[in-house]
Structures are given as structure tokens and as C-alpha cells.
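>
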Amino acid sequence: MMVVRDHEGHTADFKLENWMLSMCEPLLSLIDREAVLCSDGAAVYASFARNQGITHRSVPSFSSLFE
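Residue numbering for the sequence shown follows full-length UniProt numbering, starting at 1 and increasing by one per position.
Shown next, in the form of C-alpha cells:
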């Protein structure tokens, strides 16, 4: 699942079966350097954020709240 939101609060979401970096390439020019990428903590997201110079934060999954 990918959810994107802009500064004006517009939100879009997409169900991704297999996430690949190439899927995000069209979005790169739209990503503000002040953006924060929130993910489940998978290494691919941290690597993507680091390569793009944006902040990455890991968000605990809902199920981990009950462990």
C-alpha cells in the first residue's frame, strides 16, 4: 500500500502487489526535500529515502501493537 499526501491535504492511495523502485521514478520530481517517508521499516524504503535525501520513519504495524 502506498499513500501520498501533499501540503494541501490531497491524498491518494495505491495497492502495490510488488513494490519496485522503478514504480516511484515518475514521482521523484514531485517529492519535496522536506518530505517524510513512513514505512513498515523494510530496508528498501530506508535505502530509497537515503538515496533521495529525504527523511525515513518506521511506523509499527497494527499487529505489533498487540505483541
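Each residue gets a CB set at the ideal place from its N, CA and C atoms; glycine is no exception.
Taking V4 as part of the alpha helix (DSSP H), name the residues at either end of that continuous run.
Indexing the sequence shown from 1 puts residue 4 at position 4. Element bounds for V4: not the alpha helix (DSSP H) but the beta strand (DSSP E), 2-5.
> Sort I54, V59, F48 by Cα distance to C38 and report the nearest one.
Along the sequence shown, one-based indexing puts residue 38 at 38. The shortest C-alpha separation from C38 is found at V59.
> Whole angstroms are fine: how far does the CA of A46 sit from the CA of L30?
Position 30 of the sequence shown, counted from the first residue, corresponds to residue 30. Position 46 of the sequence shown, counted from the first residue, corresponds to residue 46. Each residue's alpha carbon lies about 19 Å from the other.
> Helix, strand or coil for residue 68, going by three-state DSSP, please let me know.
Given that the chain is displayed from residue 1 to residue 67, the structure contains no residue 68 and the question cannot be resolved.
> Name the two residues that bound the continuous alpha helix (DSSP H) containing A46.
Counted from its first residue, the sequence shown places residue 46 at position 46. Residues 43-52.
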